[in-house]
Amino acid sequence: DSRWETGGTGGRRLAKALTHWASHAGLLQERAKAESHRCMPEALQCQLCAQAEEALRKEDAAD
9 DSRWETGGTG GRRLAKALTH WASHAGLLQE RAKAESHRCM PEALQCQLCA QAEEALRKED
69 AAD
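What follows is the structure, encoded as structure tokens:
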């Protein structure tokens with residue numbers, strides 16, 4: 009998978025993927041906090057991740 013290569017667009021893709029998963033981990037933390045308050049619907053969590061992945065796909069297509 010070229011996303012994991014270093015250098016060139018592969019390096020940028022890796023950086024983007026790491027950024028995405030870092031933000032995803034942040035979302036999971038937020039969700040864990042929200043779970044105790046029951047204020048973040050499951051659908052919202054899925055939607056946020058789907059949006060982030062779609063943005064990554066668009067950037068890959070633009071490369």
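Per the working numbering, residue 9 is the first one in the sequence shown, and the count goes up by one each step.
In this text, a Cβ means the ideal position worked out from N, Cα and C, and glycines have one as well.
| Check | Outcome |
| --- | --- |
| Any beta carbon of chain B sitting closer than 8 Å to that of E62? | Protein chain content of the structure displayed is limited to a single chain, and chain B is not contained in it. |
| Going by C-alpha distance, which of L26, R21, A23, C57 is nearest E38? | C57 |
| Tell me the rounded alpha-carbon separation between A33 and K24. | 14 Å |
| Helix, strand or coil for D71 per DSSP? | coil |
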